[in-house]
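K.L.:
In the numbering used here, the protein residues as written are 150 to 577. For each residue, glycine too, the CB sits at the ideal point set by N, CA and C. Keep in mind it's a predicted model, so treat the numbers as computed, not measured. Encoded as structure tokens, here's the structure I'll be asking about.
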Amino acid sequence: MQRENNKVIPRVLKGKEAWKFVASLENRTMDIEIFKEAVIQVIRAVRNNGDEAVREYTMKYYGVDIPPDEFMVSREEVENAFAQVGEEEKRVIEKEIEIFKMFHGKQKPQDIVELSNYGKIRLRWVPIGRIGIHIPEYSDATYISTLIAHAVPAIIAGVDEIAVFTPPLENGEVNPLLLAAAKLLGIREVYRVGGPIAVAVMAYGTQSIQAVDKIFGTGDNYFMAAKQLVAQDTKIDMPSGPSESLIIADESSDLEKVILELISQAEHFDSTVILMTDSEDLANSVIDRLERFSVEINHPVVFDNIRNTYILVFDNIDDIVEAVNVVSPERVSVFTSKSEPIVEKIRNTGAIFINTPSAFGDYGIGMNQQLPSNGFARGFGALTVLDFMKSLYEIELNNNGIDDIKIIVERMASLEGFPLHAKAIREF
């Protein structure tokens with residue numbers, strides 16, 4: 150989009166140009182290499198020098214000097230922050246936690262036990278021991294919901310240790326609302342360490358901060374690049390990055406609802422918003438409405454993000470669905486009168502909102518807002534309680550089972566060229 154005379158003018162692509170743009174998005178994950186080059190030095194420094202590097206890079210990137218013994222927010226600071234937060238704000242946070250617990254509580258898997266004449270085979274689910282959660286911090290936004298969305302499923306899974314990492318504010322402190330939410334969640338470890346620095350700390354630990362078993366959380370492209378770099382050493386939740394929203398609309402759509410969805414998702418820092426339609430009339434109406442809306446609102450982040458927004462006009466709805474599955478966006482919003490046939494064919498996305506503002510996915514309904522972006526929805530799904538657990542097998546065969554199947558197992562071992570396996574089975 151362009152901005153002329155304080156008006157936002159969308160860029161519209163039709164037919165072959167629309168498909169060409171879709172094809173360019175299919176491989177957009179390649180762009181992360183640029184950010185990897187920018188953060189690899191930070192990761193190496195933290196891995197090699199620990200606390201000293203954390204302090205150095207926190208000063209460099211956030212402008213505050215924090216000694217190692219102050220990386221972790223003290224109990225006193227948490228209590229002071231909690232006292233600063235109003236009772237109404239606390240009630241809202243508590244209600245949000247309650248809603249998340251209701252939905253995520255139903256996700257915890259049950260062990261599977263197979264009993265037979267041969268004995269017992271059990272698939273057992275156990276919680277991950279220690280996790281780290283990164284919560285981004287911007288001057289105009291506090292991501293309390295992101296903390297809740299990660300901490301609640303971890304708690305339900307039974308994770309023993311939850312460490313929260315977030316960038317320090319200009320005064321070196323942590324947002325009181327975030328600390329209040331951490332207290333209400335029962336989290337005792339909160340570190341004023343953020344971005345790629347926090348990723349390195351979570352992966353490798355320092356003299357004062359213990360490494361984690363799995364890294365969770367959101368952030369910008371630098372954060373996402375850092376997660377991918379340490380993934381060979383420490384488990385990560387999923388490749389993630391700036392918010393992505395794709396809106397599907399046709400001539401049956403309510404124009405005002407489409408506009409509200411578009412501008413609300415453009416409110417996220419560094420987000421991408423795409424509108425797909427088979428109606429040129431709707432596309433023109435959106436352009437006209439956005440131009441008038443740009444006079445009514447003064448929001449620099451929205452303007453910056455809408456500048457990169459595209460309206461893609463296709464021949465029909467089937468083409469739109471195909472394009473959605475190619476793009477594999479973080480979230481899809483369908484604002485059409487006949488939504489069911491569209492929704493059934495969409496496979497590659499983290500969440501689908503059907504004639505429902507996607508802002509409900511951020512607040513109030515209990516779904517997890519941690520979704521794969523940058524095209525990774527082709528192979529990753531939404532965050533659930535399962536991501537905070539791991540499975541293991543327990544096998545106990547009785548004598549009947551061993552005698553009955555040892556011949557088959559012995560022969561399989563021989564076929565694969567493992568004679569000692571076959572011997573162990575044969576002579577047991």
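Using a Cβ-Cβ cut-off of 7 Å (strictly less than) and excluding sequence neighbours within five positions of ALA500, which residues of its own chain qualify?
P.N.:
Excluding sequence neighbours, ALA500 sits near ARG480, GLY510, MET516, LEU520 and ALA531.
K.L.:
Just the C-alpha distance for PRO506 and ILE408, rounded to the nearest angstrom, thanks.
P.N.:
Approximately 11 Å between the Cα atoms of the pair.
K.L.:
Assign ASN154 to one of three DSSP states: helix, strand, or coil.
P.N.:
Confidence at ASN154 is low in this model, with a pLDDT of 48, below 50, so the placement of that residue is unreliable and no value is reported for it.
K.L.:
In chain order, what residues of the same chain have a beta carbon less than 6 Å from the beta carbon of MET538, not counting five sequence neighbours either side?
P.N.:
So the list reads TRP274, PRO276 and ALA306, once near-sequence residues are dropped.
K.L.:
Output the residue ranges of the beta strand (DSSP E) runs that lie fully inside the region 280 to 334 and measure 3 residues or longer, sorted by chain position.
P.N.:
Runs of the beta strand (DSSP E) inside the region 280 to 334: 310 to 314.
K.L.:
Between THR171 and ASP467, what straight-line distance do the alpha-carbon atoms span, to the nearest angstrom?
P.N.:
In the sequence as displayed, the identity of residue 171 is Val instead of Thr. Answer to the nearest angstrom: the Cα atoms are 15 Å apart.
K.L.:
Do SER488 and ILE503 have their C-beta atoms closer together than 8 Å?
P.N.:
Contact flag set, yes.
K.L.:
Should LYS332 be labelled buried (16 or more other beta-carbon atoms within 10 Å of its own) or exposed?
P.N.:
Label assigned to LYS332: buried.
K.L.:
If you count every other CB in all the chains shown that lies within 10 Å of the CB of ILE514, and 16 or more means buried, which is it?
P.N.:
Classification of ILE514: exposed, given that the 10 Å Cβ count is below 16.
K.L.:
Could you tell me how far apart the beta carbons of LEU411 and LEU424 are, in whole angstroms, since I believe they sit closer than 8 Å?
P.N.:
Sure, about 6 Å apart at Cβ, within 8 Å.
K.L.:
Give a yes or no on whether the C-beta atoms belonging to GLY281 and PHE314 are separated by under 8 Å.
P.N.:
Yes, Cβ-Cβ distance for GLY281 and PHE314 is below 8 Å.
K.L.:
Quick one: measure Cβ to Cβ for SER563 and ALA573, integer angstroms, because I've assumed they're closer than 8 Å.
P.N.:
With a Cβ gap of about 12 Å, SER563 and ALA573 do not count as contacting.
K.L.:
One question on the structure: do PHE231 and ALA329 come within less than 8 Å of each other, judged by their Cβ atoms?
P.N.:
Taking 8 Å as the Cβ cut-off, PHE231 and ALA329 qualify as a contacting pair.
K.L.:
Using beta-carbon positions only, say whether PHE577 and ILE551 come within less than 8 Å of one another.
P.N.:
Contact: yes.
K.L.:
From the DSSP output, read off the bridge partner residues of TYR542.
P.N.:
According to DSSP, TYR542 bridges with LEU272.
K.L.:
Please state whether the Cβ-Cβ distance between PHE220 and TYR340 is less than 8 Å.
P.N.:
Yes, the Cβ-Cβ distance between PHE220 and TYR340 is below 8 Å.
K.L.:
Taking only the alpha-carbon atoms, compute the straight-line gap between ASN497 and SER522 and give it to the nearest angstrom.
P.N.:
C-alpha separation (whole angstroms): 10 Å.
K.L.:
Please classify GLN359 as buried or exposed, where buried requires at least 16 other C-beta atoms within 10 Å of its C-beta.
P.N.:
Answer is exposed; the Cβ neighbour count stays below 16.
K.L.:
Since VAL234 contacts LEU326 with CB under 8 Å, what's their CB separation in whole angstroms?
P.N.:
Indeed, because the Cβ distance is near 6 Å, the residues count as touching under 8 Å.
K.L.:
What separation, rounded to the nearest whole angstrom, lies between the Cα atoms of ALA290 and SER486?
P.N.:
Looking at the two C-alpha atoms, the distance is approximately 34 Å.
K.L.:
Who does LYS163 pair with in a DSSP beta bridge?
P.N.:
The partner list for LYS163 (beta bridge, DSSP) reads VAL462.
K.L.:
In angstroms, rounded to a whole number, what distance separates the CA positions of GLY164 and SER357?
P.N.:
The alpha-carbon atoms of GLY164 and SER357 are separated by roughly 57 Å.
K.L.:
CB-CB under 7 Å to GLU545, same chain, minus the five flanking residues each way: which ones, in chain order?
P.N.:
Counting only Cβ-Cβ distances below 7 Å, and skipping sequence neighbours, we find GLY268 and LYS269.
K.L.:
Determine the burial state of VAL262: buried for a count of at least 16 other Cβ atoms within 10 Å of its Cβ, exposed for fewer.
P.N.:
Burial call: exposed.
K.L.:
Report the start-end ranges of each beta strand (DSSP E) in the region 212 to 281 that is 3 residues or longer and not cut off at the edges.
P.N.:
Listed in chain order, they are 261 to 265 and 268 to 276.
K.L.:
Is DSSP giving GLY366 helix, strand or coil here?
P.N.:
Three-state DSSP puts GLY366 in a strand.
K.L.:
Just verifying my parser: in three-state terms, what is the DSSP assignment at GLU479?
P.N.:
Residue state, collapsed to three classes: coil.
K.L.:
DSSP state of VAL361, grouped into three classes?
P.N.:
VAL361 falls in the coil class under three-state DSSP.
K.L.:
Counting only runs that start and end within the region 387 to 440, where is the alpha helix (DSSP H) found for 4 or more residues in a row?
P.N.:
Correct list: 404 to 414.
K.L.:
TRP168 to ILE460, Cα distance in whole Å?
P.N.:
If you take the alpha carbons of TRP168 and ILE460, they lie about 12 Å apart.
K.L.:
State the CB to CB distance for the pair LEU318 and GLU286, rounded to an integer number of angstroms; the pair is presumed to be in contact (CB under 8 Å).
P.N.:
Indeed, because the Cβ distance is near 7 Å, the residues count as touching under 8 Å.
K.L.:
Can the beta-carbon of THR207 be found closer than 8 Å to that of VAL342?
P.N.:
Contact flag set, yes.
K.L.:
Given that a residue counts as buried once 16 or more other Cβ atoms are within 10 Å of its Cβ, and exposed if not, what is LEU569?
P.N.:
When all chains shown are included, LEU569 counts as exposed.
K.L.:
What residues are listed by DSSP as bridge partners for LYS169?
P.N.:
LYS169 pairs with nothing; no bridge assigned.
K.L.:
Which of helix, strand or coil does DSSP assign to GLU576?
P.N.:
GLU576 falls in the coil class under three-state DSSP.
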